[in-house]
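Reading the sequence shown from the start, the letters are residues 97 to 180 in the working numbering.
Think of the CB as a built atom: it goes at the ideal place given N, C-alpha and C, for glycine as much as any other residue.
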Amino acid sequence: MLKEVAGLFLAGLASSFAIAISVFAFSAIMESLHYLAAYPSPERAANLLLFVLLAGAAGAVAGASLSLAGDFAKRAWKRGAPAR
Numbered sequence: 097m098l099k100e101v102a103g104l105f106l107a108g109l110a111s112s113f114a115i116a117i118s119v120f121a122f123s124a125i126m127e128s129l130h131y132l133a134a135y136p137s138p139e140r141a142a143n144l145l146l147f148v149l150l151a152g153a154a155g156a157v158a159g160a161s162l163s164l165a166g167d168f169a170k171r172a173w174k175r176g177a178p179a180r
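If you want it as structure tokens, here you go:
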């Protein structure tokens, strides 16, 4: 039971960290679009691509860790489920 609770905690921690990175990346994408529209350059386009890739990777990590947290929660519930 302790292993499932620790796994649930760590998966939740990883997902919240990934969601925070995803929010930062979305903000950076909006700022990069603003600067790219005002002053177009290949460097700004590369920065935009980098932030889009960062947002995609952070979203994938958040989804995977939330799925893992759900698996840990289901396993913990099955072990410690109250008798009916």
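Given 8 Å as the limit, is there contact between the segment 150-166 and the segment 108-127, that is, 3 or more CB pairs closer than that?
The segment 150-166, when compared against the segment 108-127, does touch it at the 8 Å Cβ threshold.
So the candidates are 133, 125, 161; which of them puts its Cα closest to the Cα of residue 105?
Here residue 105 is taken as the residue at index 9 of the sequence shown, counted from 1. The candidate whose alpha carbon is nearest that of residue 105 is 161.
Just checking: is the beta-carbon of residue 133 within a distance shorter than 8 Å of some beta-carbon in chain B?
Of the protein chains in the structure, only one exists, and it is not chain B.
Residue 127 to residue 101, Cα distance in whole Å?
Counted from its first residue, the sequence shown places residue 127 at position 31. Counted from its first residue, the sequence shown places residue 101 at position 5. Going by the C-alpha atoms only, they are around 39 Å apart.
Taking the alpha-carbon of residue 109 as reference, which of 139, 142, 159 has the nearest alpha-carbon?
Here the question's residue 109 lines up with position 13 in the sequence shown. For residue 109, the nearest C-alpha among the options comes from 159.
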